[in-house]
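Note sheet for the following structure.
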Amino acid sequence: MLAQSLTGKSAPEFSGLRGWLNTPPLTIADLKGKVVLLDFWTYSCVNCVRSLPRMKLLHKEYAGDPFVLIGVHTPEFEFEKLPENVSSAVKRFGIGYPVAIDSENITWKLYGNQYWPRQTLIDSKGTVRWEHAGEGDYDKMEDRIRDLLKETGRPAANKGNAGSNKIETFGFMRNTTPEIYTGSLRSQGFGNGQVCVPGSCTRYIDPGEHSRDTPYLSGDWTQFPEYVMHATTESGYILLKYGARNANAVLGVSDMKRVRVDVELDGKPIEKGKAGADVQWDSTGSFLVVTENRLYDIVRTKAFETHELKLMTKAEDLRLFTYTFG
């Protein structure tokens, strides 16, 4: 459900943007005569990242038509507000279409948004004709684009849905662990509480038994509004029992540090057949190298499975913002 539907109304003009990527500044007024798809996204959102291949395909397939795809990057976390971080993400994901940097969420609010990702389709007269929240319905989205192109008198040159079978899709699976935030603003709490030891009242002790979908801390950790941070150079870990096919985490460090995070799945190094793209290996086991604040791809399995994911570190500044699953 959208907070505010604009279907049938004039599309609001862009406002409060901090810049543009891949294009000179654009306006809704200047784009009249073209069909416009706005994709509201943010680079640490796994649902947004999974929708990017289809957005890129639309941009490619309709490049010769009066159609413009614009990614409106609206941040969920403070680090995503920085234009240089957005620029880095756009390059990393190979995005060639225009991207508006909506760091203060002003255009987001004008479009009545609450969700990542969200698509808004605007006709050649500047009227909102279709809105969609979340992943999926890509063929329906493309059909709507083609209908609006016909209205311009210049129907699409291609047959439509040409590349849909090339794009991996992720349907919702029942009993999948929901997104889990660790910062005080949205955290549902941890499975264990803090204890005091000489010189510290930020110590957590793992109780040994773990409930599903609840994170457990071990060692010294400090909770901030958006994340939990490892607070010492002594060993510590955060553990989560989850159910899903894929497991990801938004991790970060400050000042461009390079931090090693050892990873275990059910008490063992991750097997290569179950590892995400960011996992590496050496003689001691599997690990991540965290060099920036972003989404890290940790576990990928072919079917729904239940596992215990353990992230271990000796780095004083490691930050964990959220877990996401699919």
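Okay, so the sequence shown: first residue is 1133 according to my numbering, each after it adds one. The beta-carbon is built from N, C-alpha and C at its ideal position, and this holds for glycine as well.
Next item on the list: Assign Lys1400 to buried or exposed, taking buried as 16 or more other Cβ atoms, counted over all protein chains shown, within 10 Å of its Cβ.
Entry: exposed
Next item on the list: Would you kindly report the start and end of the unbroken beta strand (DSSP E) that includes Met1273?
Entry: First-last for Met1273: 1270-1283, but that is the alpha helix (DSSP H), not the beta strand (DSSP E).
Checklist line | Cβ shell of Lys1282 (< 7 Å), same chain only, five flanking positions each side left out | finding: none
Check: What residues in its chain sit with their C-beta under 7 Å from that of Pro1207, if we drop five residues either side in the sequence?
Finding: Thr1174, Lys1213, Ser1235
Margin query: Can you tell me where the beta strand (DSSP E) holding Trp1462 begins and where it ends?
Written below: Residue coverage of the chain in this structure runs from 1133 to 1458, which leaves residue 1462 outside it and unanswerable.
Check: Going by DSSP, which residues form a beta bridge with Ala1288?
Finding: Answer by DSSP bridge pairing: none, since Ala1288 is not bridged.
Note to self: Is Glu1212 near the ligand SAH - that is, is its Cβ less than 6 Å away from at least one heavy atom of it?
What the structure shows: The ligand SAH is not part of this structure, which contains no ligands at all.
Check: With a Cβ-Cβ cutoff of 7 Å, do Arg1158 and Leu1253 count as a contact?
Finding: Residue identity differs from the one stated: residue 1158 is Leu in this sequence, not Arg. No; because the gap between Cβ atoms is not below 7 Å, this pair is not in contact.
Next item on the list: Taking all protein chains shown into account, decide if Met1133 is buried (16 or more other Cβ within 10 angstroms of its Cβ) or exposed.
Entry: No answer about Met1133 holds up, because its pLDDT of 43 lies below 50 and its placement is not dependable.
Next item on the list: Measure the alpha-carbon distance for Asp1352 versus Leu1452 and round it to whole angstroms.
Entry: 14 Å
Notebook entry, point to check: Can at least three beta-carbon pairs, one atom from the region 1333-1351 and one from the region 1416-1425, be found at a separation below 8 Å?
Noted result: no
Margin query: Given this structure, state the Cα-to-Cα distance separating Gly1285 from Asp1162, to the nearest angstrom.
Written below: 19 Å
Margin query: Could you tell me the alpha carbon to alpha carbon distance between Arg1186 and Tyr1270, rounded to whole angstroms?
Written below: 7 Å
Checklist line | Per DSSP, cross-strand counterpart(s) of Met1444 | finding: Tyr1369, Asp1394
Margin query: Can you tell me whether Pro1347 is buried or exposed? The criterion is at least 16 other CB atoms within 10 Å of its CB, across all chains shown.
Written below: buried
Check: Does the beta-carbon distance from Leu1427 to Val1382 come in below 7 Å?
Finding: yes
Next item on the list: Report back the beta-carbon spacing between Trp1240 and Phe1146 to the nearest angstrom; my notes put them in contact at under 8 Å.
Entry: Rounded, the Cβ-Cβ distance is 11 Å, inconsistent with contact.
Check: Pick from Ser1176, Gly1244, Phe1225, His1439: whose alpha carbon is nearest that of Lys1473?
Finding: Because the chain in this structure spans residues 1133 to 1458, residue 1473 falls outside the shown range and cannot be described.
Margin query: If distances are taken between C-alpha atoms only, which option among Tyr1336, Asp1449, Glu1210, Ala1435 comes closest to Arg1306?
Written below: Ala1435
Item checked: Gly1196 vs Ala1289 beta-carbon contact at 7 Å -> yes
Next item on the list: Quick one: which unbroken beta strand (DSSP E) runs of 3-plus residues sit fully inside the region 1189-1269? Chain order, please.
Entry: 1199-1205, 1231-1233, 1250-1254, 1260-1265
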